[in-house]
Amino acid sequence: MKLIRFLLFPFAIVYDFITRLRNFLFDINVLKSTSFDIPVIAVGNLTVGGTGKTPQIEYLIRLLKDQYKITVLSRGYKRKTKGFQLLNDKHSAEDVGDEPLQFYSKFDGIHVAVDADRTNGITELQKQIQPEIVLLDDAYQHRKVKAGFYILLTKYNDLYINDFLLPTGNLRESRSGANRADIVVVTKCPNELSIEEQESIRLKLKLNGNQVLFFSKIEYNQELKGNVNPLTLDSLEEEVVLVTGIANPISLLEYLKERKVNYTHIKYPDHHHFSAQDIEGIKTAQSRLETERKIVLTTEKDYVRLKGKVDNLYYLEIHNSFFNQEKAFASRILEFVEG
22 MKLIRFLLFP FAIVYDFITR LRNFLFDINV LKSTSFDIPV IAVGNLTVGG TGKTPQIEYL
82 IRLLKDQYKI TVLSRGYKRK TKGFQLLNDK HSAEDVGDEP LQFYSKFDGI HVAVDADRTN
142 GITELQKQIQ PEIVLLDDAY QHRKVKAGFY ILLTKYNDLY INDFLLPTGN LRESRSGANR
202 ADIVVVTKCP NELSIEEQES IRLKLKLNGN QVLFFSKIEY NQELKGNVNP LTLDSLEEEV
262 VLVTGIANPI SLLEYLKERK VNYTHIKYPD HHHFSAQDIE GIKTAQSRLE TERKIVLTTE
322 KDYVRLKGKV DNLYYLEIHN SFFNQEKAFA SRILEFVEG
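Quick look at the structure:
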């Protein structure tokens, strides 16, 4: 794999030129960005997948939903529908994408929509429901919309400064794109992250004076949720079938090992649409468990795609947590929203 990526280095140079030119044309207004008269917060990254955008969006929803009329707008990755869709109870993950459906199913009192054209999406939202705040999911490179506030995520063990552009590396654009961020969040940090290491990362990132750096970690709920009676991780003494269709399940695997959960892992690609054959494969693995409950454990994102297709299905809920900076982060967001 490393040899292939090295051989693709010339293509990375071309890709770098194209993305830099595109950003420059937006910066000098040759390519037009549309601004809106309501607070628009964009959450995204410089790399391809796996930085924790979903728990970050959910954190913002929890922070703002009781005070403001919130809408989450996503492109709806791998959905089968086209154009603008305002989610309702009849939509499936195949219709609108797994993450938008997860937001819609999880939070009361918010709206969720999908549209690959975010400018059109916000325009439609203003016509139909008049949101007070729009959260743009995975829209850091969608420069046709000029968000009022940008949150850039970078993973602790895969910082964007240590990466290179596609196809040699995983960067969607040059590292200089980080300059557009108002906040940079180092995500998926280990539980024990020292002040000294935080300062070391801060020096490496070399943020400008207007940017603020935060550190966050993923925390797992102890209760397993699903379509049958709730369970706790501590009660899982028997082997389970673990099904994942996310970009990087390593953190989950390590956590389950720490909790001494015995599992058989069936891994699928990120945002995988489970076919009838896939479901049969999961059920076969489930039937081979030498236990009475025959539990299938999955992620929350995968649960919205597997719900109703597999019996004894549970998911492990996660949430975002900041290192002694929760109030400071909330203050920055509320300062922007309140103008």
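In terms of our numbering, the numbers along the sequence shown are unbroken and rise by one, the last being 360.
C-beta: ideal position from N, C-alpha, C; glycine also.
What you are looking at is a predicted structure, and each value in this text was computed from that prediction instead of being measured.
| Asked | Found |
| --- | --- |
| Tell me which residues share the same chain as D184 and place their Cβ nearer than 7 Å to its Cβ, disregarding the 5 neighbours each side in the sequence. | T68, G190, N191 and L192 |
| List the endpoints of the continuous alpha helix (DSSP H) containing Q219. | I216 to L226 |
| Provide the residue span of the alpha helix (DSSP H) that contains I354, from first to last. | E347 to V358 |
| Taking the beta carbon of F235 as the centre, do at least 16 other beta carbons fall within 10 Å, making it buried, or is it exposed? | buried |
| Does the segment 313-324 come into contact with the segment 258-266, if we say contact requires no fewer than three beta-carbon pairs (one atom in each stretch) closer than 8 Å? | yes |
| Tell me which same chain residues have a C-beta within less than 8 Å of the C-beta of S342, skipping the five on either side of it? | S237, K238, I239 and E240 |
| Touch check for the segment 70-85 and the segment 167-180: three-plus C-beta pairs under 8 Å? | yes |
| Spatial neighbours of H112 within its chain, please: C-beta separation below 8 Å, excluding the five flanking residues on both sides. | Q106, L122 and Y125 |
| Could you give the C-beta distance for H294 and R326, rounded to a whole number, given that I count them as a contact under 8 Å? | 7 Å |
| With DSSP run on the structure shown, which of helix, strand or coil describes F30? | helix |
| How is A202 classed by DSSP in three states: helix, strand or coil? | coil |
| Would you say D158 and S95 are within 8 Å of each other, going by their C-beta atoms? | yes |
| Taking all protein chains shown into account, do 16 or more other C-beta atoms lie within 10 angstroms of the C-beta of R139, making it buried, or fewer, making it exposed? | buried |
| Could you say which of T319, R309, E194 and V282 lies nearest to K288 if we only look at CA atoms? | T319 |
| Identify the residues that DSSP records as bridge partners of F235: which are they? | V206 |
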